[in-house]
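The structure appears below as structure tokens.
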Amino acid sequence: GAGVSQSPSNKVTEKGKDVELRCDPISGHTALYWYRQSLGQGLEFLIYFQGNSAPDKSGLPSDRFSAERTGGSVSTLTIQRTQQEDSAVYLCASSRTGADQPQHFGDGTRLSIL
Amino acid sequence: AQSVTQPDIHITVSEGASLELRCNYSYGATPYLFWYVQSPGQGLQLLLKYFSGDTLVQGIKGFEAEFKRSQSSFNLRKPSVHWSDAAEYFCAVGAPFSGGYNKLIFGAGTRLAVHP
Chain A
1 GAGVSQSPSN
11 KVTEKGKDVE
21 LRCDPISGHT
31 ALYWYRQSLG
41 QGLEFLIYFQ
51 GNSAPDKSGL
61 PSDRFSAERT
71 GGSVSTLTIQ
81 RTQQEDSAVY
91 LCASSRTGAD
101 QPQHFGDGTR
111 LSIL
Chain B
115 AQSVTQPDIH
125 ITVSEGASLE
135 LRCNYSYGAT
145 PYLFWYVQSP
155 GQGLQLLLKY
165 FSGDTLVQGI
175 KGFEAEFKRS
185 QSSFNLRKPS
195 VHWSDAAEYF
205 CAVGAPFSGG
215 YNKLIFGAGT
225 RLAVHP
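In structure tokens, the structure reads:
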């Protein structure tokens with residue numbers, strides 16, 4: 001497919017466990033973004049990648065959250081020691097380089113912490 | 115700080131009726147403005163965008179939006195709503211930085227219901 005692919009689509013885990021969320025961007029898109037969508041906070045920016053580097057991590061809510069991107073393509077968002085407040089839909093978007101380039105979103109990973 | 119306000123949390127219209135969804139923004143310069151639509155269980159789909167130029171922009175699915183600088187608004191319109199338009203709509207401001215990227219700031223969304 002030509003769109004942004006995220007996996008898993010749903011993840012249920014116990015409090016305290018670590019989780020990894022994957023994003024496969026559109027081929028050729030060098031910019032990659034992670035957002036979080038939760039009932040209380042709406043849609044929030046988490047982190048931005050340009051290639052493999054992350055010049056803007058300002059939205060990561062705590063040091064339990066980290067992300068990496070390899071080969072200028074796939075990105076993984078990792079949440080350590082999950083808490084119930086981490087329950088949300090995590091959305092990934094990609095775009096071509098440039099502030100005027102529209103972001104294309106994946107369908108998200110719905111994370112539920114028991 | 116940049117912000118986006120969508121005053122209407124929930125709107126219900128009849129199929130075939132016209133639609134206007136409101137969006138107001140706060141930004142220190144000419145912003146990049148976007149409307150996205152989200153159907154249940156899916157990601158965000160871009161409806162239209164405004165960067166500069168003509169203040170009336172056309173998008174997909176018959177939607178249009180008008181940028182009004184004096185009112186700091188970017189309202190979304192459609193002349194005749196279809197049942198398939200039922201979804202949640204998000205207005206967003208792009209906050210471009212010198213790094214050439216675009217951290218989107220979203221409104222809280224407006225959920226649209228369409229009566230047959």
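The listed protein sequences derive, respectively, from chains A and B. If you're matching positions, the first sequence starts at 1 in this note's numbering and goes up one per residue. If you're matching positions, the second sequence starts at 115 in this note's numbering and goes up one per residue. Each residue gets a CB set at the ideal place from its N, CA and C atoms; glycine is no exception.
Figure out for me which residue from the options has the closest Cα to the Cα of residue i.
| i | options | result |
| --- | --- | --- |
| Gln84 of chain A | A:Ser94, A:Thr109, A:Ile113 | A:Ile113 |
| Phe220 of chain B | B:His229, B:Phe204, B:Ala209, B:Val228 | B:Phe204 |
| Trp34 of chain A | B:Lys217, B:Val228, B:Thr224 | B:Lys217 |
| Gly40 of chain A | A:Ser94, A:Ala99, A:Val89, A:Phe105 | A:Val89 |
| Ala131 of chain B | B:Lys163, B:Phe188, B:Trp197 | B:Trp197 |
| Glu178 of chain B | B:Glu129, B:Gln185, B:Lys163 | B:Lys163 |
| Arg225 of chain B | B:Thr144, B:Leu133, B:Glu180, B:Tyr215 | B:Leu133 |
| Leu164 of chain A | B:Asp199, B:Gly176, B:Gly142, B:Ser117 | It is not possible to answer for residue 164 of chain A, since the shown part of chain A is limited to 1 through 114. |
| Ala2 of chain A | A:Ala93, A:Ala99, A:Arg36, A:Leu111 | A:Ala93 |
| Phe188 of chain B | B:Leu170, B:Ile174, B:Gln159 | B:Leu170 |
| Trp149 of chain B | B:Tyr141, B:Phe165, B:Gly142 | B:Phe165 |
| Leu233 of chain B | B:Pro154, B:Gly176, B:Cys137, B:Ser194 | A question about residue 233 of chain B goes unanswered here, because the residues of chain B that appear run from 115 up to 230. |
| Leu161 of chain B | B:Ala206, B:Pro121, B:Ser184 | B:Ala206 |
So, for residue i: in the same chain, excluding its five sequence neighbours on each side, which residues have a beta-carbon less than 8 Å away from its beta-carbon?
| i | result |
| --- | --- |
| Arg96 of chain A | Gly28, His29, Thr30, Ala31 |
DSSP beta-bridge partners for residue i?
| i | result |
| --- | --- |
| Asp24 of chain A | A:Ser5 |
| Tyr164 of chain B | B:Leu147 |
| Val228 of chain B | B:Val127 |
| His104 of chain A | A:Ser94 |
| Lys17 of chain A | In DSSP, Lys17 of chain A forms no bridge with anything. |
| Val74 of chain A | DSSP, once it has assigned bridges, lists no residue as partnering Val74 of chain A. |
| Leu190 of chain B | B:Leu135, B:Ala179 |
Looking at the structure shown, is residue i part of a helix, part of a strand, or coil, going by DSSP?
| i | result |
| --- | --- |
| Gln37 of chain A | strand |
| Lys57 of chain A | coil |
| Lys175 of chain B | helix |
| Glu180 of chain B | strand |
| Ser198 of chain B | helix |
| Gln84 of chain A | helix |
| Gln120 of chain B | coil |
| Gln185 of chain B | helix |
| Tyr139 of chain B | strand |
| Ala31 of chain A | strand |
| Arg110 of chain A | strand |
| Asn52 of chain A | coil |
| Gln156 of chain B | coil |
Suppose the cutoff is 6 Å on Cβ atoms and the five residues either side in sequence are ignored; what does the same chain contact list for residue i look like?
| i | result |
| --- | --- |
| Tyr132 of chain A | For chain A, the structure presents residues 1 to 114; residue 132 of chain A sits outside this window and is missing. |
| Leu21 of chain A | Leu77, Tyr90, Thr109 |
| Ser24 of chain A | Looking at the sequence provided, one finds Asp at residue 24 of chain A rather than Ser. Counting only Cβ-Cβ distances below 6 Å, and skipping sequence neighbours, we find Ser5, Val74. |
| Glu202 of chain B | Gln152, Gly223, Arg225 |
| Thr126 of chain B | Ala227 |
| Pro230 of chain B | Glu129 |
| Lys192 of chain B | Leu133, Gly176, Phe177 |
Is residue i near the ligand SAM - that is, is its Cβ less than 7 Å away from at least one heavy atom of it?
| i | result |
| --- | --- |
| Val118 of chain B | Only the bare structure without any ligand can be found here, which leaves the ligand SAM out of the picture. |
Using a Cβ-Cβ cutoff of less than 7 Å, which residues in the same chain neighbour residue i once the five nearest sequence positions on both sides are dropped?
| i | result |
| --- | --- |
| Gln80 of chain A | Asp18, Arg64 |
| Phe181 of chain B | Leu147, Tyr164, Thr169, Phe188 |
Problem - Residues within the stretch 92-106 of chain A neighbouring chain B, beta-carbon criterion of under 9 Å - result: Flagged, chain order: Cys92, Ala93, Ser95, Thr97, Gly98, Ala99, Asp100, Gln101, Pro102, Gln103, His104, Phe105, Gly106.
Practice task
Name, going along the chain, the residues of the stretch 158-171 of chain B whose beta-carbon falls closer than 7 Å to a beta-carbon of chain C.
Solution key: Absent from the structure: chain C. Protein chains present are A and B.
Practice task
Residues of the stretch 174-203 of chain B with a CB closer than 8 Å to any CB of chain A: list them in chain order, please.
Solution key: For the stretch 174-203 of chain B, which is checked against every Cβ of chain A, not one residue is closer than 8 Å.
Handout entry: Contact set between the stretch 25-46 of chain A and chain B, restricted to residues whose Cβ is under 7 Å from the partner
Key = Answer set for the stretch 25-46 of chain A: Ala31, Gly42, Leu43, Phe45.
Exercise for the section: Check each residue of the stretch 60-92 of chain A: if its Cβ is closer than 8 Å to any Cβ of chain B, include it; give the result in chain order. Expected result: Cβ contacts with chain B: Leu91.
Practice task
Quick one: which residues of the stretch 213-224 of chain B get their C-beta closer than 9 Å to a C-beta of chain A? List them in chain order.
Solution key: Against chain A - using a Cβ distance shorter than 9 Å - the residues of the stretch 213-224 of chain B are Gly213, Gly214, Tyr215, Asn216, Lys217, Leu218, Ile219, Phe220, Gly221, Ala222, Gly223.
Problem - Residues of the stretch 129-158 of chain B with Cβ closer than 9 Å to any Cβ of chain A, in chain order - result: Among the residues of the stretch 129-158 of chain B, those with a Cβ less than 9 Å away from any Cβ of chain A are Tyr146, Phe148, Tyr150, Gln152, Gly155, Gln156, Gly157, Leu158, in the order of the chain.
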